[in-house]
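This report concerns only the one structure given below.
Residue numbers (my numbering), protein chains in the order written: chain A, 1 to 176; chain D, 1 to 382.
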């Protein structure tokens, strides 16, 4: 019933040389950095789809698994989306950062490349207000369907959450 | 006159008969949904043609709450995500904060953590076996068998941490207190009864012709499709891929322990059940090794400050939760609170594949397929 383990194993640390490989093969402008656990590749929203296609399809990269999508609100520094990818073929992991403007920034949807992006993007959309172009069904997922607030924005109050029940739309961070 | 069904010609009246698809709402309060989960099924006769899951009934704003509490306080919310295996969630949270701040964990604490996480895994899988047996039709028997063993594990967890379901036993930099004196004896006792319990359930379910016939060849999933859909954990391993974060990207002391990754053959419902069942034996093996190798020493890093402040740092830490890859994406930007903590919950991702698994199957099987995902709504809804 059990098999031997055919996949390369690694600790949760950034893979050496992976960032340079991605930058060389990407074909779009990227900025390299490193987080505590992963190599980080920063790319503009307009180049995301091209980069993701290369990451998924190039034989030396083969990032076939989208494990996570996080939105981040950096307040004065705008917002960002972080994609965490993993390759079952090569056993390496990568983080793709997409900095955007604040408000309701438009970012291309990755659903056509990674079906797993569906719910991740719906969640990021309702929590932060990202607009994923090309997503087939960008309705609220965890929040009420007619609630158009974005609770994970830093401007959104924590304590007023209960009072918002029933308010259909409103700008984030209003005072009550 | 008798006619073969395939050769029967419909009369004009029969052919003009208008059939409509019916919509069936299941949940949010329904015993088959294992929590507050709702799905709207569109059925054509007995066959499901569409499935729309609705989640969020248990959304408590975990990520917002974490941003608004300091590193020590926020931990209490995290074992309420996968509440069947709270220790695994605590483990992931603590690992994330430790990675951010560069805090080391004493060796003894790592072994204790592994034992607690594996006990939680067995606990959660018992819950699955019990509830899944009930889904398939063994009514209450499997449930009560599983409950008996879960009670023993909860007793042991309570002796160690002081609480049963939400222990908050882990700390950033170790665990809160050392094991009780008689732990080794008690743990062997519990493991003995666990092994017996697994065998009982194995005989009750795997040995049951009706159970096997209902689950075999139902809704098989290929490895490629599972990866594309973001499915991890026992469901991915059931497709034949031995991928487990404990082996693929080892954390804690898992790289020193000897255990196998059980896999399935075709990714159907029976394989998912069988992988979980086999995993429980492996977890028991891991705990026994830990008991044997348990080093002496401190259980909490003594150099920790009273209030933890973390400068700019970012990490994505993943551990093998009971349902799959439990990931924590953490960002610190100075101060005593995490700037952002995102939970990548395995149940959430596995559930997003439900539609594809259910469509084309019978309505009665939809319940089994949902049961085979082993979702915990606390984790789906955050």
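Just so you know, even glycine gets a beta-carbon here, dropped at the ideal spot from N, CA and C.
Give the interface partners of residue i over in chain A, defined as CB-CB distance under 7 Å, in chain order.
{"i": "residue 64 of chain D", "result": "151, 152 and 158"}
{"i": "residue 234 of chain D", "result": "By Cβ distance, chain A contributes nothing, its closest Cβ being about 13 Å from residue 234 of chain D, past 7 Å."}
{"i": "residue 4 of chain D", "result": "Residues of chain A passing the Cβ test: none, with the nearest at roughly 42 Å."}
{"i": "residue 348 of chain D", "result": "119"}
Can you check whether the CB of residue j is closer than 9 Å to the CB of residue i?
{"i": "residue 50 of chain D", "j": "residue 79 of chain D", "result": "no"}
{"i": "residue 371 of chain D", "j": "residue 346 of chain D", "result": "no"}
{"i": "residue 67 of chain A", "j": "residue 89 of chain A", "result": "no"}
{"i": "residue 43 of chain A", "j": "residue 34 of chain A", "result": "no"}
{"i": "residue 55 of chain A", "j": "residue 32 of chain A", "result": "no"}
{"i": "residue 64 of chain D", "j": "residue 151 of chain A", "result": "yes"}
{"i": "residue 113 of chain A", "j": "residue 126 of chain A", "result": "no"}
{"i": "residue 234 of chain D", "j": "residue 275 of chain D", "result": "yes"}
{"i": "residue 87 of chain D", "j": "residue 194 of chain D", "result": "no"}
{"i": "residue 82 of chain D", "j": "residue 326 of chain D", "result": "yes"}
{"i": "residue 210 of chain D", "j": "residue 137 of chain D", "result": "yes"}
{"i": "residue 313 of chain D", "j": "residue 36 of chain A", "result": "yes"}
{"i": "residue 24 of chain D", "j": "residue 43 of chain D", "result": "yes"}
{"i": "residue 182 of chain D", "j": "residue 246 of chain D", "result": "no"}
{"i": "residue 204 of chain D", "j": "residue 283 of chain D", "result": "no"}
Tell me the DSSP secondary structure of residue i in three-state form.
{"i": "residue 185 of chain D", "result": "helix"}
{"i": "residue 302 of chain D", "result": "coil"}
{"i": "residue 316 of chain D", "result": "strand"}
{"i": "residue 296 of chain D", "result": "coil"}
{"i": "residue 42 of chain A", "result": "strand"}
{"i": "residue 137 of chain D", "result": "coil"}
{"i": "residue 251 of chain D", "result": "coil"}
{"i": "residue 323 of chain D", "result": "coil"}
{"i": "residue 160 of chain D", "result": "helix"}
{"i": "residue 376 of chain D", "result": "coil"}
{"i": "residue 382 of chain D", "result": "coil"}
{"i": "residue 127 of chain A", "result": "helix"}
{"i": "residue 11 of chain A", "result": "coil"}
{"i": "residue 162 of chain A", "result": "Because residue 162 of chain A sits at a pLDDT of 48, beneath the cut-off of 50, its placement in the model cannot be relied upon, and the following sentence gives the value as read from the coordinates. Residue 162 of chain A: helix per DSSP, three-state reduction."}
{"i": "residue 120 of chain D", "result": "helix"}
Does the beta carbon of residue i come closer than 9 Å to any beta carbon on chain A?
{"i": "residue 135 of chain D", "result": "no"}
{"i": "residue 313 of chain D", "result": "yes"}
{"i": "residue 89 of chain D", "result": "no"}
{"i": "residue 306 of chain D", "result": "no"}
{"i": "residue 331 of chain D", "result": "yes"}
{"i": "residue 425 of chain D", "result": "Chain D is shown from 1 up to 382; residue 425 of chain D falls before or after that span and cannot be answered."}
{"i": "residue 76 of chain D", "result": "no"}
{"i": "residue 188 of chain D", "result": "no"}
{"i": "residue 71 of chain D", "result": "no"}
So is residue i in contact with chain D if we call contact Cβ pairs under 9 Å?
{"i": "residue 36 of chain A", "result": "yes"}
{"i": "residue 70 of chain A", "result": "yes"}
{"i": "residue 16 of chain A", "result": "no"}
{"i": "residue 91 of chain A", "result": "yes"}
{"i": "residue 66 of chain A", "result": "yes"}
{"i": "residue 132 of chain A", "result": "no"}
{"i": "residue 174 of chain A", "result": "In this prediction, residue 174 of chain A has a pLDDT of 46, which is less than 50 and means its spatial position is unreliable; what the coordinates show is noted afterwards. Not closer than 9 Å to any Cβ of chain D, the Cβ of residue 174 of chain A fails to qualify, so no."}
{"i": "residue 144 of chain A", "result": "yes"}
{"i": "residue 20 of chain A", "result": "no"}
{"i": "residue 3 of chain A", "result": "Confidence in residue 3 of chain A is poor, its pLDDT being 44 and thus under 50, which makes the residue's placement too unreliable to answer from."}
{"i": "residue 57 of chain A", "result": "no"}
{"i": "residue 40 of chain A", "result": "yes"}
Output needed for residue i: all residues of its chain with C-beta closer than 7 Å, excluding positions within five of it in sequence on either side, in chain order.
{"i": "residue 239 of chain D", "result": "221, 222, 223, 226, 264 and 267"}
{"i": "residue 118 of chain A", "result": "111"}
{"i": "residue 127 of chain D", "result": "84, 146 and 150"}
Might you give, ordered along the chain, the residues of its own chain that have their beta carbon closer than 8 Å to the beta carbon of residue i, omitting 5 neighbours on each side?
{"i": "residue 172 of chain D", "result": "71, 72, 75, 94, 97, 98, 101, 103, 304 and 308"}
{"i": "residue 101 of chain A", "result": "78 and 79"}
{"i": "residue 47 of chain D", "result": "360, 361, 362 and 363"}
{"i": "residue 218 of chain D", "result": "268, 269, 270, 361, 365, 368 and 369"}
{"i": "residue 300 of chain D", "result": "106, 109, 171, 173, 174, 175 and 176"}
{"i": "residue 173 of chain A", "result": "Because the pLDDT of residue 173 of chain A is 45, which lies under 50, any placement of that residue in the model is unreliable, and the number read from its coordinates should be weighed accordingly. Taken in chain order, the residues that qualify are 153, 155, 156 and 157."}
{"i": "residue 236 of chain D", "result": "223, 226, 227, 243 and 324"}
Can you find the residues in the same chain that come closer than 6 Å, C-beta to C-beta, to residue i, ignoring five residues on each side of it along the sequence?
{"i": "residue 348 of chain D", "result": "380"}
{"i": "residue 153 of chain D", "result": "119 and 123"}
{"i": "residue 241 of chain D", "result": "223"}
{"i": "residue 18 of chain D", "result": "none"}
Comparing the C-beta of residue i with each C-beta of chain C, is any distance below 9 Å?
{"i": "residue 170 of chain D", "result": "In the structure shown, chain C does not exist; the protein chains are A and D."}
Taking residue i as the query, report the chain D residues whose CB atoms sit under 8 Å from its CB, ordered along the chain.
{"i": "residue 118 of chain A", "result": "352"}
{"i": "residue 63 of chain A", "result": "Going along chain D, no residue has its Cβ under 8 Å from residue 63 of chain A, so there is no contact; the nearest lies around 11 Å."}
{"i": "residue 88 of chain A", "result": "227, 241 and 243"}
At a CB-CB cut-off below 8 Å, which residues of chain A make contact with residue i?
{"i": "residue 317 of chain D", "result": "12 and 37"}
Could you list which residues in chain D have their beta carbon closer than 7 Å to that of residue i, in chain order?
{"i": "residue 141 of chain A", "result": "55 and 56"}
{"i": "residue 115 of chain A", "result": "228 and 229"}
List the residues of chain A whose Cβ lies closer than 9 Å to the Cβ of residue i, in chain order.
{"i": "residue 384 of chain D", "result": "Here chain D covers residues 1 to 382 and nothing more, so residue 384 of chain D does not appear."}
Who are the neighbours of residue i on chain D, taking C-beta pairs under 9 Å?
{"i": "residue 84 of chain A", "result": "316, 318, 327, 329 and 344"}
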